[in-house]
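The structure is reproduced here in structure tokens:
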């Protein structure tokens, strides 16, 4: 399973002394992009061509809050849904094995604002994952 | 229905030229806190007493992306769920009436890390909304 | 003098209970862009044409920290420096008149990465300010 | 010299396709806190005791912009200034050796809002650096 190692930075924490809820979406996005990057998909480059993988839904279950300096892994598991959608099941796990956030995001690939086939490199990854 | 008027700031937009997905959670949180503030609940003050309304789940359906300078409203509708949970149904609506994000977040009130009764002012708001 | 009214949002505050130091740069940028927008300069649009007003220096004197819910004004005063540079003198002033941040930023206009004349609408604003 | 290795994350980039100017202050803060942490100073813990190292000035010279996925080092060099102030000279250097940002920040140690002696562990670090 693909995963990225990260560590909480103080500026990501809010008044409550823990990582702000919105920041977990940053972590999840970063791990998704790193995953896609590993599949040969460069988001910044695709954006200049009018191709975007747009998020259409995000679900996050917050199990326990990350604190300053906590180390954690963000995992990415991809599941195909038709030709244009990608479902990402992701977890944020503290280095002692505790599950902090359980998330599911759904993206649709678009070209110039319209749904478009997922890039081949990504479909290949899907097929590989399936078999 | 409670609502807060906001406008997209350029720094909230990412490489794709639209508001970054995580930023909508900032907008939603800000509207929730403004709503709670109006009920006489001061989050910053409560945090110093060990009282936190912790998010346990967030669901966001991204309908269309906000762009630089777009003006929008963030609405908040609260529904009680037992004595310690608050469910917030929120929408982000562009000034031309277009629904951009449809969201639902669930919070649990805690004192020193343990579930605790919601503040009375909030319960009163619930009861008022019910009747 | 150009100014934008804003209010602190809880998510902009950090562990120390006050607005995080980096966030003031967001406020300053937002006010600069609003100022430029008023001069008919649309940053998002210019970016797609390869034109960017790139910051080359920022100086911020932090006088006192903004706290949750504080209301404040961000002022913008522009001074020309040659044909390609714009100097912005900016202040962040709390609604009781207290100066919170005194800042100075210098930008260079670029086209495809090279210094380029400032947009005419901006030069006109300079000339107007001078006379 | 103390340094922290980091990599640009896509969400840190703005409409202009490069790291947003405010984000460099996040990088600089993170490196300062990591440096102080190494000296045995825990910011999150100190904040709960009313002790804060408050920034009073930041100067950033932006030499060239970081782009998506760029790897870089953030260096920290500390210089004492009296008993309550700490001056941090910091650089952000891309992995090919190119200087991207040259910065200088000044902090004052405070206890309950008033200037206070720097923590001993930090003074010791100063003295060590001097000799």
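Protein chains in written order, with the working numbering: chain U, 38 to 168; chain S, 38 to 168; chain H, 38 to 168; chain G, 38 to 168. Beta carbons: idealized from backbone N, C-alpha and C, even for Gly. On a predicted model such as this, the values are computed, not experimentally measured, just so you know.
| Asked | Found |
| --- | --- |
| Alpha carbon to alpha carbon, what distance is there between residue 110/U and residue 43/U? | 6 Å |
| Kindly list, in the order they appear in chain G, the residues whose Cβ is closer than 7 Å to that of residue 57/S. | 48 |
| Any beta carbon from chain S within less than 9 Å of residue 140/H's own beta carbon? | no |
| Between the stretch 146 to 155 of chain H and the stretch 85 to 103 of chain G, do at least 3 Cβ pairs fall closer than 8 Å? | no |
| Once you ignore the five residues that flank residue 78/U on each side, which residues in its own chain have a CB closer than 7 Å to its CB? | 156, 158, 159 |
| Examine the Cβ distances between the stretch 47 to 62 of chain H and the stretch 45 to 62 of chain G and report whether three or more of them are shorter than 8 Å. | yes |
| Do residue 99/G and residue 83/H count as a contact pair if the criterion is CB distance below 9 Å? | no |
| Less than 9 Å separating the beta-carbons of residue 105/S and residue 144/S? | no |
| Who are the near neighbours of residue 118/H in its chain, counting only those whose CB is closer than 8 Å to its CB and skipping five residues on each side? | 124, 143 |
| Got a sec, what are the start and stop residues for the alpha helix (DSSP H) residue 61/G sits in? | 58 to 75 |
| Closer than 9 Å, CB to CB, is residue 89/U near chain G or not? | no |
| For a test of the three-state rule: what should DSSP assign to residue 161/S, helix, strand or coil? | helix |
| Spatial neighbours of residue 120/G within its chain, please: C-beta separation below 6 Å, excluding the five flanking residues on both sides. | 154 |
| For residue 141/S, I'd like the list of residues in its chain whose CB is within less than 6 Å of its CB, leaving aside the five on either flank, ordered along the chain. | 96, 126 |
| Verify whether the separation of the beta carbon atoms of residue 80/S and residue 103/U is less than 9 Å. | no |
| Buried or exposed for residue 69/S, going by 16 or more other Cβ atoms inside 10 Å? | buried |
| Can a CB atom of chain G be found closer than 9 Å to the CB of residue 54/S? | yes |
| Taking the alpha-carbon positions, what's the residue 174/S to residue 131/S distance? | There is simply no residue 174/S to check, as chain S begins at 38 and stops at 168 in what is shown. |
| Are the C-beta of residue 95/U and some C-beta of chain G separated by less than 9 Å? | no |
| Listed in chain order, which residues of the stretch 104 to 116 of chain G have Cβ atoms closer than 8 Å to some Cβ of chain S? | 105 |
| How big is the Cα-Cα spacing for residue 147/S and residue 73/S? | 15 Å |
| Reducing DSSP to helix, strand and coil, say where residue 96/S ends up. | strand |
| For residue 41/H, which of 136/H, 49/H, 67/H has the nearest alpha-carbon? | 67/H |
| With a threshold of 6 Å on Cβ separation, who are the neighbours of residue 94/S within its own chain once the five nearest residues in sequence on each side are excluded? | 143 |
| Once you ignore the five residues that flank residue 101/U on each side, which residues in its own chain have a CB closer than 7 Å to its CB? | 135, 137 |
| Any heavy atom of the ligand NAD closer than 8 Å to the CB of residue 141/U? | Absence of the ligand NAD from the depicted structure is noted, as is the absence of any ligand whatsoever, leaving it without description. |
| Could you compute how far the alpha carbon of residue 38/S sits from the alpha carbon of residue 107/U? | 39 Å |
| Quick one: is residue 121/G near chain U, going by C-beta distance under 9 Å? | no |
| Flag residue 147/G as yes if its beta-carbon sits less than 9 Å from any beta-carbon of chain U, otherwise no. | no |
| For a test of the three-state rule: what should DSSP assign to residue 81/H, helix, strand or coil? | helix |
| Which residues in the same chain have their Cβ closer than 7 Å to the Cβ of residue 49/S, if we skip the five residues on either side of it in sequence? | 56, 57, 60 |
| Specify the secondary structure class of residue 139/G as computed by DSSP and reduced to three states. | strand |
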